[in-house]
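What follows is a short report on a single structure.
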Amino acid sequence: MEFTLINEIEKARSSDLSQRYLELPPMFLLRQAQVYSIAYRKYQILQLGYLLQDNAQRIDKALTTDLGGPSVENYLYVRHLEMGPCIGEAKKVYQGVEKRAKPEKPALNFNFLAMRPAHSLLVTLWLSPELIPKCLDRDLVRVVNGAIPETTRLLELQWDHILYTGRGRVGKIVSLAAAKHLTPITLELGGKSPAVVDPSCDLETAARRIMWGKIVNAGQTYVAPDYILVPTQFQDTLANALKDAYDKFFPETAKPSTDGTYSRLITPQAFNRVNELLKETQGIIVFGGEVDEATKYIQPTVVKDVQANDTLMSEEIFGPLLPIVPVKNIDEAIAFINSRDHPLALCPLATDKAIKAKVFDNSQSGAAVANECVIHPAVEGLPFGGIGPSGSGCHTGKFTFDTFTRLRASMDSPS
């Protein structure tokens with residue numbers, strides 16, 4: 001198992017590259033420009049694809065240990081929505097890197113990368129420093145494990161670009177640290193992503209997709225539907241359909257607490273935060289509501305008649321609670337969305353094309369996905385990113401290449 005201590009990067013950059021710290025490559029430490037050959041880039045990309053493909057079972061097992069979720073869920077979500085698209089993109093980049101890197105006249109430099117995985121995934125966390133050095137050039141990528149102290153010190157260093165995924169509160173801290181060095185930054189911050197349900201929708205399908213989007217990983221995905229906006233007269237109809245969908249997902253007991261069919265909250269702190277939101281809501285619980293602090297279990301819970309000032313609407317839930325906010329009509333739903341921070345994802349569910357177009361054309365969000373939830377980051381060719389408080393910039397596929405590539409104006413005037 002191997003990873004780079006934050007001290008080594010910091011000391012090496014502040015030293016004269018004494019022999020003690022020559023273990024880290026000069027290009028990595030001094031941020032010198034170097035253009036790698038196409039063959040080298042293709043090899044590293046291929047190795048990354050093999051890393052994911054060859055270690056899929058280990059990653060599944062680690063996530064099951066961390067999240068307590070079912071192996072079937074990990075297989076469907078992680079392999080098909082996370083690793084599957086990454087492997088597919090690796091193949092696509094491998095085949096097309098010559099075209100992407102072809103000068104328009106400037107030379108396109110590949111960057112050196114230092115990555116700090118999420119420290120809350122205690123088991124999965126340690127796979128990165130073990131697997132990445134085996135597959136990727138250590139002169140290119142380093143893994144720095146740690147929590148707040150290590151991240152703080154990492155941000156004190158000067159980087160050419162920072163990509164951060166996490167909560168908005170930490171995103172502001174990262175942005176302030178980057179501003180000290182005028183470092184460009186890409187942020188994926190999440191937020192409260194609404195599902196807008198119109199009575200014209202295919203009710204059974206809409207309820208199933210919304211419910212699945214909230215159940216997978218116990219609602220701990222940044223593009224999970226955070227709340228639902230629905231016309232008041234259709235609220236109870238939708239709530240009943242969500243209950244039917246839930247019962248089909250968990251037909252035996254409808255209480256997936258200890259049977260390994262459902263994930264748990266990732267940390268005690270996450271459990272306490274979501275549990276407090278549930279305790280303080282003034283809405284009406286349609287179903288769910290059971291919790292177990294010892295196992296960090298919170299039952300998938302739908303709450304109706306939630307008002308705009310309810311605790312469930314005060315922050316991104318990032319858990320298995322699904323508030324339903326009744327509105328007069330679609331126009332009021334759009335006004336509600338526009339009165340709040342721009343979301344990372346917006347999901348209108350309707351068969352009426354005019355309704356979908358109205359929601360799309362009169363709102364702003366990182367992504368707008370009709371009649372579907374959660375899966376759009378896995379769709380090849382789409383950018384993934386937020387807007388304003390939900391993020392800035394984008395990545396995945398070609399958009400990642402563009403994010404970490406700087407175009408440089410170049411002239412060679414005849415002498």
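In terms of the UniProt record's numbering, the sequence shown is residues 1 to 415. Beta carbons: idealized from backbone N, C-alpha and C, even for Gly. Here the structure is a predicted model, which is why all the values come from computation and not from measurement.
Contact between His161 and Phe399 is ruled out by a C-beta separation of about 14 angstroms, above the 8 angstroms threshold.
Note on geometry: alpha-carbon atoms of Glu372 and Gly388 lie some 23 angstroms from one another. The beta carbon of Gln47 sits closer than 7 angstroms to the beta carbons of Cys135, Leu136 from its chain, once the five residues preceding and following it are set aside; these are given in chain order.
Proximity of the stretch 219–238 to the stretch 307–320 meets the contact definition, three or more beta-carbon pairs being nearer than 8 angstroms.
Lys304 carries a strand assignment under DSSP once its states are collapsed to helix, strand and coil.
Gly190 sits close to Arg167, with the two beta carbons spaced by under 8 angstroms.
Between the alpha carbons of Leu187 and Gly397 lies a distance of about 16 angstroms. The straight-line gap separating the alpha-carbon atoms of Glu89 and His376 is approximately 14 angstroms. His181 and Gly171 have their C-alpha atoms spaced approximately 16 angstroms apart.
Boundaries for Arg408: no beta strand (DSSP E) harbours it, and the DSSP string shows neither H nor E there. Leu229: member of the beta strand (DSSP E) spanning 227–231, first to last residue. The C-beta separation of Ser193 from Leu346 comes to about 7 angstroms, placing the pair in contact by the 8 angstroms criterion. Non-local beta-carbon contacts of Asn275 in its own chain, meaning distances under 8 angstroms to residues more than five positions away in sequence, involve Val291, Glu293, Ile298 in chain order. With a 10 Å radius around the Cβ and a threshold of 16 neighbouring Cβ atoms, Asp60 comes out buried. Residue pairing of Phe384 in beta bridges, as defined by DSSP: His395. Counting only runs of at least 4 residues, the stretch 312–356 fully encloses the following alpha helix (DSSP H) elements, listed from N- to C-terminal order: 330–338. If you look at Thr165, you'll find it in the beta strand (DSSP E) that goes 162–165.
For Ile324, the closest of Asp331, Val303, Ile330 by C-alpha to C-alpha distance is Val303. For the pair Val216 and Gly68, the Cα-to-Cα distance works out to about 12 angstroms. Approximately 6 angstroms separates the beta-carbon atoms of Thr351 and Asp202; this is inside 8 angstroms, confirming the contact. Take Phe360, set aside five residues on each side of it, and the residues of its chain with a beta-carbon closer than 7 angstroms to its own are Ala368, in chain order. By the CB criterion at 8 angstroms, Gly366 and Gly381 fall outside the cutoff.
Across the set Ser410, Leu52, Val93, Thr64, the C-alpha of Val93 shows the shortest separation from the C-alpha of Tyr40.
Under the DSSP assignment, Glu188 falls in the beta strand (DSSP E) whose first and last residues are 185–188.
Of the candidates Thr232, Leu278, Gly288, Asn329, the residue whose Cα lies closest to the Cα of Asp310 is Leu278. Closest in alpha carbon position to Leu312, among Thr281, Val327, Asp341, Asp305, is Thr281. The three-state secondary structure of Arg138, taken from DSSP, is coil. The shortest C-alpha to C-alpha distance from Lys328 to any of Pro184, Val97, Val197, Asp54 is the one to Val197. The Cβ atoms of Lys214 and Pro300 sit closer than 8 angstroms to each other. Proximity to Met211 across Ser200, Pro199, Asp226 peaks at Asp226, based on C-alpha coordinates. Going by C-alpha positions, Ser37 is about 13 angstroms away from Ile45.
Cβ contact annotation for Asn338 (same chain, cutoff 7 angstroms, sequence separation greater than five): Ser363, in chain order.
Here Ser415 is exposed, its C-beta having fewer than 16 other C-beta atoms within 10 Å. For Asp198, the secondary structure class from DSSP, reduced to helix, strand or coil, is coil.
Contact annotation, Ile334 with Asp66: C-beta distance approximately 38 angstroms; criterion of less than 8 angstroms not satisfied. Boundaries of the alpha helix (DSSP H) harbouring Ile148: 148–156, taken from the DSSP string.
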